[in-house]
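Residue numbers are given in full-length UniProt numbering: position 73 of the sequence shown equals residue 73, and the series is strictly consecutive. Even glycine gets a Cβ: it sits at the ideal position worked out from N, Cα and C.
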Amino acid sequence: MQLWYQLTRLEKSYDDAINDLSKAIRIDPINCFALKSRAYCYYQLKSLEEALCDLNMVIILGCSDENTHIKKANIIQESKELNNLAKEDLGDGSYNDASLDISDTKGKQKQY
Numbered sequence: 001m002q003l004w005y006q007l008t009r010l011e012k013s014y015d016d017a018i019n020d021l022s023k024a025i026r027i028d029p030i031n032c033f034a035l036k037s038r039a040y041c042y043y044q045l046k047s048l049e050e051a052l053c054d055l056n057m058v059i060i061l062g063c064s065d066e067n068t069h070i071k072k073a074n075i076i077q078e079s080k081e082l083n084n085l086a087k088e089d090l091g092d093g094s095y096n097d098a099s100l101d102i103s104d105t106k107g108k109q110k111q112y
């Protein structure tokens with residue numbers, strides 16, 4: 001229970017940091033330190049696309065270093081691995097033709 005609580009608090013800390021960093025970026029859109037820091041927070045929360053967007057902006061602004069490019073490459077690799085795992089979970093794709101029964105707000109069954 002305590003580990004779950006600590007992880008929840010840590011996630012909230014990253015969320016709070018993202019909110020604060022986003023405010024700083026709205027004030028100064030070319031603040032590379034804030035962009036790099038927000039990318040790190042996004043990465044820790046596994047929001048990989050957002051992290052990549054911030055790192056790409058750092059690169060575009062010309063304030064990247066080798067660590068920025070290494071982090072970007074690592075995130076791209078991790079994204080590919082997650083995508084491959086998702087494809088494996090779907091198996092042969094036989095789920096594509098499955099129909100779903102979903103209850104509408106009146107409790108009737110609709111076929112999709």
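- Burial check for R9: the Cβ neighbour count within 10 Å stays below 16, so the residue is exposed.
- Under the three-state reduction of DSSP, C32 is assigned to helix.
- Under the three-state reduction of DSSP, C41 is assigned to helix.
- Shown here, D89 sits in a helix according to DSSP, grouped into three states.
- Less than 8 angstroms separates the beta-carbon of L48 from that of S79.
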